[in-house]
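**Q** This structure is in structure tokens; I'll ask about it shortly.
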Amino acid sequence: PEISIPEFVTLCGIYDTWRKNERDWKGEVLPLQNMIRMEYGTKSELWEEAWSDLINEDKVLLNQFIQQGRAIVRFMDSTCISWVKNYSFEVLVAGKYKAICLLSPQGGSSQFDSVKDDYDIKVVINKQKNNELFNVSLYKESDDILPDFNCGEYVKSIDPLGGGHRSASGMKITLDKFIDILKNKTL
1 PEISIPEFVT LCGIYDTWRK NERDWKGEVL PLQNMIRMEY GTKSELWEEA WSDLINEDKV
61 LLNQFIQQGR AIVRFMDSTC ISWVKNYSFE VLVAGKYKAI CLLSPQGGSS QFDSVKDDYD
121 IKVVINKQKN NELFNVSLYK ESDDILPDFN CGEYVKSIDP LGGGHRSASG MKITLDKFID
181 ILKNKTL
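Per our numbering, the sequence shown starts with residue 1, numbered consecutively.
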């Protein structure tokens, strides 16, 4: 209790709990996350030295990560704008909610930043590797938007193995179901 929380841990915690209004989301939080992913991926054995420095308040390293991460965020933003423009289409979710569906090689609701205020729900579909199944993820910005719609419950009603929480959820669909979504523009 007598030791203050390191800035690095604070910023990681803000990202982990999606507290977008607590700090500069696009200028600090996302850049740090993206630089960490780019530098270390999921190989925890590579994290040890840098993370020890970051946790011990190496402000130079933290600022370097954030600065380099800003370039990554700018690149990702421009890429996502292009993806949304070229690989998305409107769908109706649950028979009444206006949604945008994006065919994307990655997941995540931040792909929709350029159109987030134009749709109630955001949907990402991508094909699983070595399989005939597709991953489907649903997102809504917060519980303030569509308080009566629960992404996790809705997905569970379609796929008993799917689920999630109120603001984000996922499931798997077959090629036939994917074609049905494309044809009918409904989910």
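Glycine is no exception: its CB is placed at the ideal position from the N, C-alpha and C atoms.
With respect to the alpha helix (DSSP H) encompassing residue 8, which residues constitute its N-terminal and C-terminal limits?
**A** Residue 8 -> alpha helix (DSSP H) spans 7-16.
**Q** Quick one, which of 114, 5 and 93 has its alpha-carbon nearest residue 138's?
**A** Here the closest residue by C-alpha is 93.
**Q** How many Å lie between residue 42 and residue 35 at the Cα?
**A** Each residue's Cα considered, the two are about 12 Å apart.
**Q** For a cutoff of 8 Å on Cβ pairs, would you count residue 100 as touching chain B?
**A** Protein chain content of the structure displayed is limited to a single chain, and chain B is not contained in it.
**Q** Counting C-beta neighbours from all protein chains within 10 Å, is the total for residue 162 16 or more, i.e. buried, or is it exposed?
**A** By the 10 Å Cβ count, residue 162 comes out buried.
**Q** Residue 168 by DSSP, collapsed to three states: which one?
**A** It is a strand residue.
**Q** I think residue 91 touches residue 102, with their Cβ atoms under 8 Å apart; what is that distance to the nearest whole Å?
**A** That pair is no contact at about 10 Å.
**Q** Drop a sphere of 10 angstroms on the beta-carbon of residue 111, count the other beta-carbons inside from all chains shown, and report buried for 16 or more, exposed for fewer.
**A** By the 10 Å Cβ count, residue 111 comes out buried.
**Q** When you compare each of 145, 144, 104 and 146 to residue 126 by their alpha carbons, which one comes out closest?
**A** Measuring from the Cα of residue 126, the nearest candidate turns out to be 104.
**Q** Buried or exposed: residue 28, going by 16 or more other Cβ atoms within 10 Å of its Cβ?
**A** So residue 28 ends up on the buried side.
**Q** Between which two residues does the alpha helix (DSSP H) containing residue 75 stretch?
**A** Taken as a continuous stretch (DSSP letters only), the alpha helix (DSSP H) holding residue 75 covers 59-87.
**Q** Drop a sphere of 10 angstroms on the beta-carbon of residue 7, count the other beta-carbons inside from all chains shown, and report buried for 16 or more, exposed for fewer.
**A** Result: buried.
**Q** With DSSP run on the structure shown, which of helix, strand or coil describes residue 179?
**A** Three-state result, residue 179: helix.
**Q** Once DSSP output is grouped into helix, strand and coil, what is the label at residue 55?
**A** Residue state, collapsed to three classes: helix.
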